[in-house]
Amino acid sequence: MISSTKNSVLGLVELADTDDPINLHGSTSSRVLRDVFHDRLKGWVRSKDQWRLLNNNRVCVILRDIGSQGELELAAAKLGRIFKEPYYHRGRLMPLEVSAGFAELNGRDEDLKLAMQQAGIALKQAQKSSQLFDVYLSEWGMDASDERELVKQLEIALETGALQLYYQPKVHAGYRSLIGAEALMRWHTKDQKIITPDQFIDVAERHEIIKPMTWWAIKSAVARLARWPEQLSIAVNISPALLLEDEIMSVVQDALEIHGVTPARLNLEVTENIMIDHQDLVLSQLARLRDLDVKISIDDFGTGFSSLAYFRDLPVDEIKIDKSFVLRMLESEKDLAIVKAIIDLAHNFSLKVVAEGVENLDIANRLAELHCDILQGYVFDRPLPVEEFEKEYRV
Ligand code: G
Ligand code: G
Ligand code: MN
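Dropping the structure here:
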């Protein structure tokens, strides 16, 4: 993305907010952390660079004369080294976790705003995939040949095992015990980057490749279930269009049979938008899947074209409240009202309710009070590589 002419790069660097539930740091030491953050940054930027504090744990930097992606990677590696140095506060090792997002910056004023936005997207992307940094790649700039190239790369990734399923725990809202996981796709590239699905699922969905990718995800999740305790389930995301494919029936059935897995342990997540077209077909396909005793969840509930009739008509088992409501439910009365309404309605129709995007214990506790059944979110864990998941949860 970065051309060979000498260019500037805008970066956002953020110190992880370690608001751990047991309050390891306390407020005094969080001030200390902030000072350490600033000191270490001073050791990173060069005199020709510029930087500005955006808030206590976030800065914006402009790196001058970055001539290539390689130079940017060197700069990022230096950032990583500087923050890896251990820091002790009153004899205790304090974690300093930084992440950064970078975007190309051209000279003009209006580009600064754009670059800030793009670097913000890259920063989020880095944090989601637990990487030190990421660089913004313009998706809008993608033309037909770029898209074909991406599809080709995806085909190779699928063949070479570069696509992986990460697992994010779903826990019982009351007991906080593990009940299963959602499988979320990650793409490990040759240069050790991890690409999240929002960068390739949309494109994959416009091409045939989404089919083999999804069939692979189903098979891989079922194979995993065969090795996990009987009480655990796995949820796999299914693109709306694939629900209409007859092949999905045999893929699911064969996988369950080959591995001898109880069908009710496999959960298929579809978004409520499945109902936009071909309603009758969708309904009959969902019913056929449920005849196999596979469980169906409606994902991102509340954001699409939700209709109250869904509660009555859709043959499903579980509703996942979209994270946008959950994230804000303690600050916004309106979001809280939506969360409550979804839980009550779902329960009246004997559906289980999952809240996604549970980022702190206050939200988790409030959801338990509201009788939400299952919780999923960063407060428990991010999506983890399978070995890490199995180690942490001893499955
Ligand atoms: O962690 P997260 O970035 O994983 O996922 C972003 C979005 O990508 C989510 O909305 C999720 O539903 C979607 N997604 C993740 N994995 C898959 C997958 O295997 N298939 C499909 N169709 N969508 C997925
Ligand atoms: O398929 P779905 O849209 O439900 O995918 C879940 C998405 O939500 C994934 O991208 C996952 O990484 C993300 N996610 C999971 N837990 C949290 C959380 O606690 N906070 C936020 N912001 N995102 C989360
Ligand atoms: Mn999902």
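Each residue of the sequence shown is one higher than the last, beginning at 38 in my numbering. For each residue, glycine too, the CB sits at the ideal point set by N, CA and C.
Straight through space, the alpha carbons of Leu202 and Lys256 are spaced by roughly 11 Å. Selection around ligand 3 by beta-carbon proximity, strictly under 5 Å to any non-hydrogen atom, yields Asn274, Glu306 and Asp336 in chain order. Put simply, of Ala258, Ala263 and Glu267 the residue whose alpha carbon is nearest the alpha carbon of Leu215 is Glu267. With respect to the 8 Å criterion, Trp88 and Lys115 are not classified as neighbours on the basis of their beta carbons.
Ranking Lys207, Trp224 and Thr226 by CA distance to the CA of Gly217 puts Lys207 first.
In this structure, the alpha-carbon of Ala254 lies about 44 Å from that of Arg68.
Assignment of beta-bridge partners to Trp224 by DSSP yields Leu200 and Ile232. Its chain contains Ile99, Arg101 and Leu142 as the residues whose beta carbon lies nearer than 6 Å to that of Ser45, once the 5 sequence neighbours on both sides are disregarded; these appear in chain order. With a cutoff of 7 Å, Lys230 does not count as near ligand 1, since its C-beta is closer than that to no heavy atom of the ligand. Minimum Cα-Cα distance from Glu186 among the listed residues Gln154, His244, Leu160 and Leu133 corresponds to His244. The three-state reading of DSSP puts Asp354 in coil, since its state is none of H, G, I, E or B.
Taking a 10 Å sphere around the C-beta of Lys85, we find fewer than 16 other C-beta atoms and assign the residue as exposed. Listed as beta-bridge partners of Lys207 by DSSP are Gly217. In the DSSP assignment, Ile335 falls outside any alpha helix (DSSP H) and lies within the beta strand (DSSP E) extending over Lys332 to Phe338. Note on geometry: alpha-carbon atoms of Glu134 and Ile313 lie some 43 Å from one another.
Here the alpha carbon of Leu269 sits roughly 43 Å from the alpha carbon of Ser182. Taking 7 Å as the cut-off, the C-beta of Glu309 does not count as close to any heavy atom of ligand 2. Looking at the DSSP output, Phe170 sits in a beta bridge with Ala137. Only exposed fits Ala374, as fewer than 16 other CB atoms lie within 10 angstroms of its CB. With respect to the C-alpha of Gln229, the residue from Met250, Phe170 and Pro352 having the closest C-alpha is Phe170.
Between the stretch 276-284 and the stretch 314-326 there are three or more inter-stretch CB-CB distances shorter than 8 Å, so the stretches are counted as touching. Secondary structure note for Trp252: its alpha helix (DSSP H) is the uninterrupted segment Ile247 to Arg264. Ranked by Cα distance from Asp54, the options Asn93, Glu242, Arg302 and Ala292 are led by Asn93.
Taking C-beta atoms as the reference points, Gly394 and Leu364 count as a pair closer than 8 Å. The closest heavy atom of ligand 2 lies 7 Å or more from the beta carbon of Gln164.
Gly414 is the residue among Val188, Gly414 and Leu329 whose C-alpha sits nearest the C-alpha of Leu398. Straight across, the Cα-Cα distance linking Leu329 with Glu219 is about 20 Å.
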